[in-house]
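Sequence order for the protein chains is U and Z.
Residue numbering for the first sequence is 395 to 510, as defined by the numbering used here.
Residue numbering for the second sequence is 610 to 871, as defined by the numbering used here.
No residue lacks a Cβ here, since even glycine has one placed at the ideal position from N, Cα and C.
Only a predicted model underlies this, so the values are computations on that prediction, with no experimental measurement involved.
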Amino acid sequence: MHELSLAQNILSIVRSELKKLGIAEKRLTGVKMTIGKLMQVVPASLLYGLEIIGEEQGFKNVKYTVNECPLKVTCSGCGAESEIEKFALLCEKCGSDRIRIVGGREFVVESIDIDD
Amino acid sequence: MTEIKVLRSVYEDNDRIADGVRKTLKKSGVGCVNVISSPGAGKTTLLEKTLAALKKEIEFGVIEGDISTSIDRDRISPHCKSVFQINTDNFGGDCHLSAFMIRDALKKFDLEKLGLLIIENVGNLICPADFDIGESGKILLFSVTEGEDKPLKYPVSFGVADAIVVTKTDLVPHLDVDMKKIAANLKKINPRAKLFYVSARTGEGLEKWLEYVRKLSGKISYSSKRTVKTTLKTVSGKSEAGAKPSKSLNKNVKKVNSKTRK
Numbered sequence: 395m396h397e398l399s400l401a402q403n404i405l406s407i408v409r410s411e412l413k414k415l416g417i418a419e420k421r422l423t424g425v426k427m428t429i430g431k432l433m434q435v436v437p438a439s440l441l442y443g444l445e446i447i448g449e450e451q452g453f454k455n456v457k458y459t460v461n462e463c464p465l466k467v468t469c470s471g472c473g474a475e476s477e478i479e480k481f482a483l484l485c486e487k488c489g490s491d492r493i494r495i496v497g498g499r500e501f502v503v504e505s506i507d508i509d510d
Numbered sequence: 610m611t612e613i614k615v616l617r618s619v620y621e622d623n624d625r626i627a628d629g630v631r632k633t634l635k636k637s638g639v640g641c642v643n644v645i646s647s648p649g650a651g652k653t654t655l656l657e658k659t660l661a662a663l664k665k666e667i668e669f670g671v672i673e674g675d676i677s678t679s680i681d682r683d684r685i686s687p688h689c690k691s692v693f694q695i696n697t698d699n700f701g702g703d704c705h706l707s708a709f710m711i712r713d714a715l716k717k718f719d720l721e722k723l724g725l726l727i728i729e730n731v732g733n734l735i736c737p738a739d740f741d742i743g744e745s746g747k748i749l750l751f752s753v754t755e756g757e758d759k760p761l762k763y764p765v766s767f768g769v770a771d772a773i774v775v776t777k778t779d780l781v782p783h784l785d786v787d788m789k790k791i792a793a794n795l796k797k798i799n800p801r802a803k804l805f806y807v808s809a810r811t812g813e814g815l816e817k818w819l820e821y822v823r824k825l826s827g828k829i830s831y832s833s834k835r836t837v838k839t840t841l842k843t844v845s846g847k848s849e850a851g852a853k854p855s856k857s858l859n860k861n862v863k864k865v866n867s868k869t870r871k
């Protein structure tokens, strides 16, 4: 719903990293991101936003890639770690509700690709 | 081509500010809840009833979040002196409150006096769940008119809630709604949340909810100067809505020095 402002955040992070490393912005060729299933971000909308704003801000021919992370929980009862397909916060192995969310809340800029 | 690791959170700015808000509130001994629901679930009405019933026991602060208008602030004002309206159309019409809006709004409150800050988020069942605004708990409202399958359709908002309040229960006889199915779906999505069934209109179920709110304001873990060494103000046995505070819970309620009250 707010993918455009998230795209802006991502580009700000990329720009600050490039500045920190002293790399010219035109050398950027790719940005990789990880998005957890719990973050309610629509990857297609985010990518569209990144392309539109990125282009406007001078990032030409940059490839944006999203790696989606599943919702993962660990069970305090049986100790199992499970991936949850259909959203019900229960241990997939023993059905206990005494679980802790260990994956699915990620939303990070993983890496940037730089043209040598 | 060289790949350079970045590993920075897209929400890093928001989360940093939210942590700051949480620290500020903790330092002043203020509990804080983020109230989330779809538009029209009855957040403001429940808030009005809650404030009317507990304002003699708890020093409340309220932040109202809406895209536009100060209608909700005007509804809350008769029950609470410390109320501040955020209109997100000043920030591009955001569909949720962000941490920086709360950080700036806190300047309008005398935090040393507050026991509980209630933040009514923008009516929206998606985005508010993703943005930490420095709260210590999330409360989700869900009215019986919204359909039994709402928890399944919006699993993240329902899943992250610490408490879920099913509202407008007085309407059940007029609807085809299956309350057993609502209960089952809520349990499936979030078995850990505290669950309340309330009609703000008739008062049904309100007492149990008010008991929960009393506990929120008395965060024992919060170190407050006032909680430690103040003259205890006697908590009235009767509130405006006729609700009687339970004795066992009163010990958890923050005692406010009468001198510090307005």
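By DSSP's assignment, glutamine 402/U forms no beta bridge with any residue.
Look at asparagine 799/Z: its C-beta is under 8 Å from a C-beta on chain U.
Within the same chain, and ignoring the five residues on either side of serine 679/Z in sequence, the residues whose Cβ sits closer than 8 Å to its Cβ are Glu673, Gln694, Asn696. For a Cβ distance threshold of 7 Å, nothing in chain U lies close to cysteine 641/Z: the least Cβ distance comes to about 21 Å. Taking all protein chains shown into account, proline 764/Z has 16 or more neighbouring C-beta atoms within 10 Å of its C-beta and is therefore buried. Using a Cβ-Cβ cut-off of 9 Å, threonine 423/U is close to Met610 of chain Z, given in chain order. Neighbours of valine 503/U in chain Z, taken as residues whose beta carbon is under 7 Å from its own, are Val615, Arg617, Val619 in chain order.
The CB of valine 765/Z comes closer than 7 Å to the CB of Leu432, Gln434 in chain U, given here in chain order. No Cβ-Cβ contact shorter than 8 Å links phenylalanine 718/Z with serine 677/Z. Annotation: isoleucine 742/Z to cysteine 704/Z spans about 14 Å, alpha carbon to alpha carbon.
The three-state secondary structure of leucine 734/Z, taken from DSSP, is coil. Looking at the DSSP output, phenylalanine 767/Z sits in no beta bridge, so it has no partner there.
Boundaries for phenylalanine 700/Z: no beta strand (DSSP E) harbours it, and the DSSP string shows neither H nor E there. A distance of 8 Å or more separates the beta carbons of glycine 746/Z and valine 630/Z. The beta carbon of glutamate 419/U is closer than 8 Å to those of Arg409, Leu412, Gly452, Phe453 in its chain, skipping five residues each way along the sequence. Sequence-ordered contacts of the segment 701-716 of chain Z with chain U read Gly701, Asp703, Cys704, His705 [C-beta pairs closer than 9 Å].
For asparagine 799/Z, no beta strand (DSSP E) segment is defined, and its DSSP state is neither H nor E. Close partners of isoleucine 407/U in chain Z (Cβ separation under 9 Å): Val615, Arg617, Ser618, Val619, Glu621.
Distances from the alpha-carbon of aspartate 624/Z to those of Lys797/Z, Asp739/Z, Ser752/Z put Asp739/Z closest.
For glycine 702/Z, the CB contacts under 7 Å within the same chain, skipping 5 residues up- and downstream, are Ile676 in chain order.
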